[in-house]
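*Asks:* This is the structure, below, for whatever I ask next.
Now the structure itself:
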């Protein structure tokens, strides 16, 4: 959020008859009252996020008005002076909060988060964190990453990136206009349109094509600043309008902002044409306020309370979010009431920062007259923030253990032989202890290092992610990874969502000793089904398109000998467009039959138990290495929350042969087979987080690559029962 009480005094006091625009200061407070309770979880204004967009408009007006004033005085724009003023005004308070956040994270946030947050603090210090967050928003492997305590710096980054460019655009517009004998204001308007129109067009496109990325994209937000800039360019004419018209505009503008906050929700496409309601409203309020006087909203916006919060806006915005997120990380969750209390308490550090950091530097006569000093202050505090972020990253890496690299050791420990003697569960030791808990039962402490290191669990994923073979939710293009020789005797296709893809490492292990070629066809959250499935309550059209392409390939030119498939989502839309488990089974059966009719064997893998009630298993293990039973969960509940029922129901409908470990198959019949690995993943009534020193779970309900590799011998025996050798 560009809470631009963040400008030099001559830029914030947009004068009318020598007075500060109290309505603008009050508008800052309105935006603050929208954003902060929304962040605390109070949904009185479920569209409270629009307050950020209102700030962008205010910033566009204030900064542009200051630049126009400079053009009037000097005929040009001093870029160095502009950047120095912003550096001394914004960066000190920003750095104080970043350093304070780093300390709080070190003290109260689990170590598993240190590296990510440290990187966020580093990026926030250099004002490019919005791009980091944009990339993370479309990264499927970042599904478990909780909100960063400096995530709110995305809007500050957007603002600073915009204002790195905008004064240059205005300066060029003035110079070109002067050269051709055109009024400077006309040149500025042309420059404004060259920025605003492409930005608005890009926002319309990205809001539907790539909405998660679009939210943090600087280019989708430029038109919002431009609305405020347009008002600033037109300001000298606005005070000529009748008072009744100005008052009407200002009041309507305020109502537009409040309507957006009250009726918009987080599910709305944003930013797009929807953003015009609060941003145009903010522009109208600022524009009308010039002529409205006491007839406008200033009677509400200009009181002492609104002035207090308007002045404190920047510091309040900086402090409230890390306080909320650190509390959530430390306690697991907080209530709305607790969140609101934290927001109120954030007034204290905000007030101290405002009076002890912001104002002393802001009003320092020495700093104001010495651009070099302002620049040095900006550079120094920026480096302090950078160092704070780097220290968190270093602390994270110091906390990791060398055991994370011992993947093969974990596999050997978990499976005493390549051919397991007991197919019911992994064997963690060759010499059983009669007094020991059964294999796979939860224990408080394991002997030796856990692999992978829980702090690095999110990196223990199948190779197909690094090789860019997992199709993302906003894509439809089929991408594959191939392992094994081109002339292999048996070709196996792994097809489905990430729950199918997670088994790829086991196939890679077995492909080294079998004449197999393994090829992956996976898409994020996409069940391999002829029926459309639901994603976030809406039909997952991209998945359906991708699936139709894949089934055509697998029954055509790319036909394999075997299709191995699994999925998490069990429901699909029926003919009445209602998502039901029955339609989910029908969709699976339909594609399986098409494969069988083409002469392809189908092996369905039952989904693994969901870690119900534990949250992030790897984070729990990292925080409780001496109390691992805290990270176990009930098997039956985990099974109910998984997708296994859809696979087993579909397998029953087609009469699939059960080739699960422990099952005896004397005369396998094809072409349908089903495998249930529940007993290998969770051998007892309580599912353990660590078995045989191998960490079982990574993000969500996904199994670590390490643990999947330990199950390769069980896989080998099961597939042999289907004649796949």
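Residue numbers (UniProt numbering): 1 to 725. Here a beta-carbon is modelled for each residue, glycine too, at the ideal position from N, C-alpha and C.
Between 377, 310, 505, which lies nearest to residue 708 when the distance is taken from Cα to Cα?
*Replies:* Here residue 708 is taken as the residue at index 708 of the chain shown, counted from 1. Ranking the options by Cα distance to residue 708, first place goes to 505.
*Asks:* Residue 728 and residue 92: beta carbons closer than 8 Å?
*Replies:* The structure shown does not extend to residue 728, since the chain is modelled only from 1 to 725, so the question has no answer here.
*Asks:* Can you tell me whether residue 657 is helix, strand or coil according to DSSP?
*Replies:* Along the chain shown, one-based indexing puts residue 657 at 657. In the structure shown, residue 657 sits in a strand (DSSP, three-state: E or B).
*Asks:* Can the beta-carbon of residue 354 be found closer than 8 Å to that of residue 454?
*Replies:* The residue labelled residue 354 in the question sits at position 354 within the chain shown. The residue labelled residue 454 in the question sits at position 454 within the chain shown. No, they are not a contact pair.
*Asks:* Work out the CA separation of residue 264 and residue 385 for me, nearest whole Å.
*Replies:* Along the chain shown, read from residue 1 onward, the residue named residue 385 stands at position 385. Along the chain shown, read from residue 1 onward, the residue named residue 264 stands at position 264. C-alpha separation (whole angstroms): 35 Å.
*Asks:* List the endpoints of the continuous alpha helix (DSSP H) containing residue 206.
*Replies:* By one-based count along the chain shown, residue 206 stands at place 206. That run of the alpha helix (DSSP H) goes 184-209.
*Asks:* By a C-beta neighbour count over all protein chains shown, 10 Å radius and 16 as the cutoff for buried, is residue 702 buried or exposed?
*Replies:* On the chain shown, residue 702 is found 702 positions in, with the first residue counted as 1. Residue 702 should be labelled buried.
*Asks:* Under the rule that 16 or more other beta-carbon atoms within 10 Å means buried, what is residue 445, buried or exposed?
*Replies:* Walking along the chain shown from the start, residue 445 turns up at place 445. Exposed, because fewer than 16 other Cβ atoms sit within 10 Å of the Cβ of residue 445.
*Asks:* At what residue ranges does the region 149-189 contain a whole run of the alpha helix (DSSP H), taking only runs of 4 or more?
*Replies:* Entirely contained in the region 149-189, the alpha helix (DSSP H) runs reaching 4 residues are, in chain order, 153-179.
*Asks:* Would you kindly work out how many angstroms separate the C-alpha atoms of residue 674 and residue 54, rounded to a whole number?
*Replies:* Taking the first residue of the chain shown as position 1, residue 674 is located at position 674. Taking the first residue of the chain shown as position 1, residue 54 is located at position 54. Cα to Cα, the separation comes out at about 56 Å.
*Asks:* Counting along the chain, where does the beta strand (DSSP E) carrying residue 622 start and finish?
*Replies:* Indexing the chain shown from 1 puts residue 622 at position 622. First-last for residue 622: 617-623, but that is the alpha helix (DSSP H), not the beta strand (DSSP E).
*Asks:* Would you call the region 333-346 in contact with the region 34-48, where contact means no fewer than 3 C-beta pairs closer than 8 Å?
*Replies:* Yes: the two stretches touch, three or more of their Cβ pairs being nearer than 8 Å.
*Asks:* Just the C-alpha distance for residue 33 and residue 589, rounded to the nearest angstrom, thanks.
*Replies:* Position 33 of the chain shown, counting from 1, holds the residue named residue 33. Position 589 of the chain shown, counting from 1, holds the residue named residue 589. Roughly 53 Å separates the two Cα atoms.
*Asks:* For my contact list, residue 391 and residue 579 are in at a C-beta cut-off of 8 Å; report their separation, rounded to the angstrom.
*Replies:* Translated into the one-based positions of the chain shown, residue 391 becomes position 391. Translated into the one-based positions of the chain shown, residue 579 becomes position 579. About 48 Å; that fails the 8 Å criterion.
*Asks:* Below 8 Å on the Cβ atoms is my guess for residue 694 versus residue 706; work out the distance and round it to an integer in Å.
*Replies:* The count along the chain shown starts at 1 and reaches residue 694 at position 694. The count along the chain shown starts at 1 and reaches residue 706 at position 706. That belief holds up - the Cβ atoms of residue 694 and residue 706 are roughly 5 Å apart, short of 8 Å.
*Asks:* Could you say if the region 621-628 and the region 94-114 meet the contact criterion of at least three C-beta pairs nearer than 8 Å?
*Replies:* In short, these stretches touch, since the Cβ pair count reaches three.
*Asks:* Would you kindly report the start and end of the unbroken alpha helix (DSSP H) that includes residue 601?
*Replies:* Within the chain shown, residue 601 is the residue found at index 601, counting from 1. Where residue 601 is concerned, there is no enclosing alpha helix (DSSP H), although the beta strand (DSSP E) it sits in stretches over 601-605.
*Asks:* Could you tell me which residues DSSP puts in a beta bridge with residue 539?
*Replies:* Position 539 of the chain shown, counted from the first residue, corresponds to residue 539. DSSP, once it has assigned bridges, lists 534 as partnering residue 539.
*Asks:* How far does the alpha helix (DSSP H) with residue 101 in it extend, from its first residue to its last?
*Replies:* Indexing the chain shown from 1 puts residue 101 at position 101. Unbroken alpha helix (DSSP H) run through residue 101: 79-108.
*Asks:* Does the ligand MG have a heavy atom nearer than 7 Å to the CB of residue 58?
*Replies:* With respect to the ligand MG, the structure offers nothing, as it holds no ligand at all.
*Asks:* Tell me the DSSP secondary structure of residue 598 in three-state form.
*Replies:* Taking the chain shown and counting its residues from 1, one reaches residue 598 at position 598. Correct three-state label for residue 598: coil.
*Asks:* In or out: residue 153 buried (at least 16 other Cβ within 10 Å) or exposed?
*Replies:* The residue labelled residue 153 in the question sits at position 153 within the chain shown. The residue in question, residue 153, is buried, as its Cβ has 16 or more Cβ neighbours within 10 Å.
*Asks:* Once you ignore the five residues that flank residue 339 on each side, which residues in its own chain have a CB closer than 7 Å to its CB?
*Replies:* Numbered from 1 along the chain shown, position 339 holds the residue referred to as residue 339. Result list for residue 339: 40, 41, 324, in chain order.
*Asks:* Per DSSP, residue 519 forms a beta bridge with which residues?
*Replies:* For the purposes of this step, residue 519 is identified with residue 519 of the chain shown, where counting begins at 1. Note: residue 519 sits in a beta bridge opposite 482, 493.
*Asks:* Report all residues from its chain with a CB closer than 7 Å to the CB of residue 462; omit the five preceding and five following residues, and keep chain order.
*Replies:* Here residue 462 corresponds to residue number 462 of the chain shown, with the count starting at 1. Closer than 7 Å at Cβ, skipping near neighbours: 501, 502, 504, 505, 705.
*Asks:* Does the Cβ-Cβ distance between residue 23 and residue 302 come in under 8 Å?
*Replies:* Numbered from 1 along the chain shown, position 23 holds the residue referred to as residue 23. Numbered from 1 along the chain shown, position 302 holds the residue referred to as residue 302. The answer is yes: Cβ separation under 8 Å.
*Asks:* Report the rounded CA-to-CA distance for residue 413 versus residue 484, giving the unit in angstroms.
*Replies:* As a position in the chain shown, residue 413 is number 413, starting the count at 1. As a position in the chain shown, residue 484 is number 484, starting the count at 1. With a pLDDT of only 36 at residue 413, under 50, the local geometry of the prediction cannot be trusted, and the value read off the model is given with reservation. Each residue's alpha carbon lies about 26 Å from the other.
*Asks:* Determine the direct distance from the alpha carbon of residue 160 to that of residue 130, and round the result to whole angstroms.
*Replies:* For the purposes of this step, residue 130 is identified with residue 130 of the chain shown, where counting begins at 1. For the purposes of this step, residue 160 is identified with residue 160 of the chain shown, where counting begins at 1. Cα-Cα distance, rounded: 11 Å.
*Asks:* Which residues in the same chain as residue 82 place their Cβ atom closer than 6 Å to its Cβ, once the five residues preceding and following it in sequence are excluded?
*Replies:* Stepping through the chain shown from its first residue, residue 82 is reached at position 82. Excluding sequence neighbours, residue 82 sits near 167.
*Asks:* Go ahead and pull the three-state DSSP assignment for residue 645.
*Replies:* Locating residue 645 in the chain shown gives position 645, counting from the first residue. If DSSP states are grouped into helix, strand and coil, residue 645 belongs with the helices.
*Asks:* Where does residue 53 sit, in a helix, a strand or coil, going by DSSP?
*Replies:* As a first step, residue 53 is located in the chain shown; it is residue number 53 there, counting from the start. Note: residue 53 maps to helix in three-state DSSP.
*Asks:* Count the other CB atoms within 10 Å of the CB of residue 117; is the residue buried (16 or more) or exposed (fewer)?
*Replies:* Counting from 1 along the chain shown, the entry for residue 117 is found at position 117. When all chains shown are included, residue 117 counts as buried.
*Asks:* Bridge partners of residue 686, per DSSP?
*Replies:* One-based indexing of the chain shown puts residue 686 at position 686. BP columns for residue 686 point to 634.
*Asks:* From the DSSP output, in three-state form, read off residue 527 for me.
*Replies:* The residue given as residue 527 occupies position 527 in the chain shown. The answer is coil: DSSP assigns residue 527 none of H, G, I, E or B.
*Asks:* Please give me, in chain order, every unbroken run of the beta strand (DSSP E) with length at least 3 that falls completely inside the region 109-136.
*Replies:* Entirely contained in the region 109-136, not one beta strand (DSSP E) run reaches 3 residues.
*Asks:* On the CB-based measure, 16 or more other CB atoms within 10 Å of its CB, does residue 372 come out buried or exposed?
*Replies:* Within the chain shown, numbered from 1, the residue matching residue 372 stands at position 372. Exposed, since its Cβ has fewer than 16 Cβ neighbours within 10 Å.
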